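Right, one structure below, let's go through it.
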Amino acid sequence: MMLSSADRADLCLGRVIRRRRLAAGISLEAIGETMGISYQQVQKYENGSNRVAFSRLLPLAAALNCSASELVTDVEREMVVYDQRKNGHSDPSGEAGR
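Just add 447 to the spot in the sequence shown (first one is 1) and you have the numbering used here.
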């Protein structure tokens with residue numbers, strides 16, 4: 448089954464959220480509290496099962512101590528890495544997940 452670009456983007460955004468959250472040492476609960484949502488909702492964002500509404504992007508970025516444009520840039524990079532992995536290619540630049 449081929450994922451649609453929205454599904455792919457949702458998965459990649461989830462990976463970026465999780466990577467940034469863990470790198471900053473922030474709990475699911477803390478992100479949820481900052482955003483006014485449950486930690487379970489944040490968890491669903493991270494695993495790509497729920498989409499992040501655009502209206503939530505700025506509060507999410509603030510909770511992760513970054514800008515929305517940084518999140519988008521990270522997602523674009525993650526999508527390239529995701530596609531490379533799906534096509535059986537490694538990341539020769541060593542930039543995977545940055």
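The beta-carbon is built from N, C-alpha and C at its ideal position, and this holds for glycine as well. Computed from a predicted structure; not experimentally measured.
When you compare each of the options to residue i by their alpha carbons, which one comes out closest?
{"i": "V463", "options": "L518, Y529, V528", "result": "L518"}
{"i": "A470", "options": "C513, V527, K491", "result": "C513"}
{"i": "E480", "options": "L507, G535, H536", "result": "L507"}
{"i": "A516", "options": "D454, R455, L460", "result": "In the sequence on display, residue 516 carries Ser and not Ala. Checked all of D454, R455, L460; the closest Cα to S516 is L460."}
{"i": "A509", "options": "M482, Y492, R532, D521", "result": "M482"}
In the DSSP assignment, find the alpha helix (DSSP H) that holds residue i and state where it starts and stops.
{"i": "S485", "result": "S485 -> no alpha helix (DSSP H), and no H or E assigned at all."}
{"i": "L507", "result": "501–510"}
{"i": "S516", "result": "515–533"}
Rounded to a whole number of angstroms, what is the C-alpha to C-alpha distance between residue i and residue j?
{"i": "Y529", "j": "E523", "result": "10 Å"}
{"i": "Q488", "j": "A477", "result": "12 Å"}
{"i": "L511", "j": "G472", "result": "10 Å"}
{"i": "Q490", "j": "L475", "result": "7 Å"}
{"i": "S502", "j": "V527", "result": "25 Å"}
{"i": "R498", "j": "R467", "result": "17 Å"}
{"i": "Y492", "j": "R455", "result": "13 Å"}
According to the neighbour-count rule (16 or more other Cβ atoms, all chains shown, within 10 Å of its Cβ), is residue i buried or exposed?
{"i": "A500", "result": "exposed"}
{"i": "R545", "result": "Residue placement at R545 cannot be trusted, given a pLDDT of 44 that sits under 50; the coordinates are not used to answer."}
{"i": "L505", "result": "exposed"}
{"i": "G535", "result": "exposed"}
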